[in-house]
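Worksheet: the structure to be examined is printed underneath.
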Amino acid sequence: MALVKREATIGQGEAKVGMKHQETRFPVVSVILGTLSLIGMMVSIWMIFLYAPTDAIQGEPQRIFYFHVPMAWLGMLGFVIVAIAGTGYLVKKDERWDWAARASAELGAFFITLALITGSIWGKTIWGTWWTWDARLTTTLILWFIYIGYLMLRSYMGRTPASARAGAVLAIIGIIDVPIIYESVNWWRTLHPPAQVGVQDALPPSVVITLMVSLTTFTLLYSFLMIQLYQLQRAQTLAQQLRASIE
Amino acid sequence: MSAPYLEIKGLKKTYSLKPILRGIDFVLVQDECMALLGANGAGKTTLLRILACLTKPGAGTVRIDGLDIVREAQHVRHLVGFVGHQPNLYDELTVLENLLFFGRMYSVKHAPERAVTLLQQVGLARRAGERVGTLSRGQIQRLALARALLHSPQLLLLDEPDAGLDDEGIELLEELLREHTRRGGTTLFTTHNFERAVKFSNRICMLGGGRVVYLQATSGLEPGGVRQAYQEVLR
Amino acid sequence: MTFPSQVLAILWKDIRCELRSKQTWISMGLFALLVLVIFNFAFDLRVDNKAAIAPGALWVAFVFASLLGLGRTIASEQEKGSMDRLMLCPVDRKAIYLAKLLGNMLFIGVVEVVALPIFAVLFNVPLFTGELLPIVLLGTLGIATIGTLFSAIAAATQARELLLPILVFPLIVPVVIGAVRATGTLMVPSINEPPWLGLMAAFDVIFLSVSMLMFEYVIEE
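So the sequence lines, in the order shown, correspond to chains A, B and C.
Each residue of the first sequence is one higher than the one before, starting from 16 at the first, in this note's numbering.
Each residue of the second sequence is one higher than the one before, starting from 6 at the first, in this note's numbering.
Each residue of the third sequence is one higher than the one before, starting from 103 at the first, in this note's numbering.
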């Protein structure tokens, strides 16, 4: 009897320690990033719709470009972060690296999905089809599959060290592979050159500025969301530990 | 007083968020034989698996012959012989082929001769050419013991080695353990049988709630007394 | 024991175990054959458009057949879900990876040995030139390097048959593109073709090294 009681108090003690970290700190960084993102968004939207010039050939739909490019960029960046965080976990064996990896994976998958959708819509307005197998779109699609594979794997394997290691390995292999995938699809497509999703000629400065602003804003938004998702991962892990210690 | 062969300090391990080992500390010197008792789920198997380098400790340090089991796992594996719940043998290979394969994995010198000697010791010499899948439970357990001893390990880790053995097999086990100890080897085995715990070991340890709750020299102890202590400690 | 002999010892053990259980090899060979016949009906290949479709059909058959076999070498190592009997041994984990990789390549090789002659007959394609061998080797190696690593990962999950293709297919895209195009170029030579063999070789070298290093993180507990 005495032994059983001891186990229960130990569990509660450990749980209390975990919760203490959460109580007092004011989320300064989050608030700053959140505010900057909000301001940036407002500025960006104004610039995208009012400041940037209308494209001579494509017309208004071209403005999707200012959303599509940052989203694709974030999708790529997100995966790079998953790979870096995964490597960090393999080396340091600290759970927090894994929280960052999972957070970035969820966020990156979201943005890459948006990139695919916006890319598809843009393609429809230019060429009349929802999809084309050009190098960039195809690589984005494959990256999407890798993201989904990562999320599925983590989901199936749960919150164990084995799961974190498996995810890290997948991310490292993936990030090395993506440039190779892009090149191989590129070579393949040069045999059947279609219209490229993207802009080939020199861009007027107002376009470049708008794009830069949009890019910066989305990156700020990404950082803000990253912190929130990281905290969420932390909370989920602590909740699981609490639940396990009570049972 | 011999130098410590196995040193465990503050060993902790969590599986699926449940803490199994909550801080184990003890030391074994050479030619000791320790019996590990405890209820199912107390952490005995987990402890043995960590010592056999099958899984890593969550926290704490373990040294075998001065080597850290995490940093020098490959060296430690040479020093350890393990018999677990699974036979850890290949069903499709024959008795002899199994031993020869593991002989190659452990870089055992003169493996064929050593294998034949061991098979004779465990009484499986006549079955050398039979597939493991066709053997009885007791025969498989004997072969598992032979596999564990193949590379002449210094530390034997046996998880319920008496399971599935008939009387003859138990005698054989006792003989193997005594010979191992005579040669200066260390043994750590788990059992649920108090008679055997007292008979084979020179120290008895009990795990409860992931901790060491009882640690005594065996001399002077009776199986009945041990059973009583067990029930008291695990209430 | 030296590293190469460790690899060979494990490989030889795997081969013996697999031969004695008699299950996998025959079914894989038959499967490859079946896929090719089905493709013949599905694509209604007349002799004139064969160059466009045949290489793709061939490599799709190889990829799907290899997925069948990829799970086997790791799964056969597991005894009630754990690889204890091999992990206990002080054998280099990289050697385990290479042994499993070679085992997988042998499995896929059996399928290829069955499928290629039949392919040549069915599609009236001259494939018995020496130039096909490097393509098949490099392509198979590419699929197997990624596949072996991820079959060890997927083996730990319940939905491994479903998860393995989802993880492996996107990653082997460069190999598949390269192999299909290289095979196609053999059948119908074209100019200005990118160096597919070089791409596949680079892929193989990179991912063989990376997978070999990553393997121990995946199988150690």
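Where a beta carbon is used, it is the ideal one built from N, C-alpha and C, also for glycine.
- Pairing Ala-153 (chain B) with Leu-161 (chain B), the inter-Cα distance amounts to about 8 Å.
- Taken through DSSP and simplified to helix, strand or coil, Ala-181 (chain A) comes out as helix.
- Of all residues in the stretch 188-200 of chain C, the ones placed with a Cβ closer than 8 Å to any Cβ belonging to chain B are Leu-188, Met-189, Leu-190, Cys-191, Pro-192, Val-193, Asp-194, in chain order.
- Ranking C:Ile-198, C:Leu-266, C:Asp-306 by CA distance to the CA of Ala-281 (chain C) puts C:Asp-306 first.
- Counting other Cβ atoms within 10 Å of its Cβ, Pro-158 (chain B) reaches 16 or more and is therefore classed as buried.
- One alpha carbon belongs to Trp-146 (chain A), the other to Lys-139 (chain A), and they sit about 7 Å apart.
- Neighbours of Ala-259 (chain A) in chain B, taken as residues whose beta carbon is under 8 Å from its own, are Ser-21, Leu-22, Lys-23 in chain order.
- A residue is called buried once 16 or more other Cβ atoms fall within 10 Å of its Cβ, and Gln-248 (chain A) is buried on that count.
- The C-beta of Glu-165 (chain B) comes no closer than 8 Å to any C-beta of chain C.
- Within 7 Å of the CB of Asp-192 (chain A), the CB atoms of chain C belong to Leu-273, in sequence order along the chain.
- Contact check for Val-277 (chain C) against Met-314 (chain C) fails: the beta carbons are separated by 8 Å or more.
- Residue state for Ser-184 (chain C) is assigned as strand, using DSSP reduced to three classes.
- For the stretch 167-180 of chain A, the set of residues with a beta-carbon nearer than 7 Å to any beta-carbon of chain C comprises Met-167, Leu-168, Tyr-171, Met-172, Ala-177, Arg-180, in chain order.
- Asp-171 (chain B) sits exposed, since fewer than 16 C-beta atoms from the chains shown fall within 10 Å of its C-beta.
- In the DSSP annotation of this structure, the continuous segment of the beta strand (DSSP E) that includes Val-67 (chain B) starts and ends at 64-69.
- Closer than 8 Å to the CB of Glu-318 (chain C) there is not a single CB belonging to chain B.
- Residue pairing by DSSP places Glu-12 (chain B) opposite B:Val-32, B:Arg-68 in a beta bridge.
- Within 9 Å of the CB of Phe-305 (chain C), the CB atoms of chain A belong to Asp-192, Ile-195, Ser-199, in sequence order along the chain.
- Neighbours of Gln-248 (chain A) across chain B, judged by C-beta separation under 7 Å, do not exist; the nearest C-beta is about 15 Å away.
- Met-316 (chain C) and Gly-182 (chain A) have their C-alpha atoms some 11 Å from each other.
- Contact between the stretch 170-184 of chain C and the stretch 98-118 of chain B is absent: fewer than three C-beta pairs spanning the two stretches fall below 8 Å.
- The Cβ of Lys-61 (chain B) sits closer than 8 Å to at least one Cβ of chain C.
- With respect to the 8 Å criterion, Gly-205 (chain C) and Leu-265 (chain C) are not classified as neighbours on the basis of their beta carbons.
- Between Ile-127 (chain A) and Gly-90 (chain A) the beta-carbon gap is near 3 Å, inside 8 Å, which marks them as a contact.
- Within 10 angstroms of the beta-carbon of Pro-192 (chain C) lie 16 or more other beta-carbons, which makes it buried.
- When secondary structure is reduced to three states using DSSP, Leu-160 (chain C) falls in the helix class.
- Taking C-beta atoms as the reference points, Leu-156 (chain A) and Val-193 (chain A) fail to come closer than 8 Å.
- Ranked by Cα distance from Glu-263 (chain C), the first of C:Val-162, C:Ser-292, C:Ile-176, C:Ile-237 is C:Ile-176.
- Arg-40 (chain A) sits in coil when the DSSP states are folded into three classes, being neither helix nor strand.
- Taking C-beta separations shorter than 7 Å and ignoring five residues to either side along the sequence, the partners of Leu-105 (chain B) in its chain run Ala-116, Pro-117, Ala-120, following chain order.
- In this structure, Glu-323 (chain C) lies near Lys-61 (chain B), with their beta-carbon atoms less than 8 Å apart.
- Interface criterion met: the Cβ of Gln-255 (chain A) is under 8 Å from a Cβ in chain B.
- Annotation for Ala-222 (chain B): no alpha helix (DSSP H) segment contains it, though the beta strand (DSSP E) segment containing it runs 216-222.
- Here DSSP, grouped into helix, strand and coil, assigns Ala-40 (chain B) to strand.
- Contact between Val-88 (chain B) and Pro-166 (chain B) holds: CB atoms are separated by about 5 Å, below the 8 Å threshold.
- When DSSP states are grouped into helix, strand and coil, Gly-280 (chain C) belongs to the helix group.
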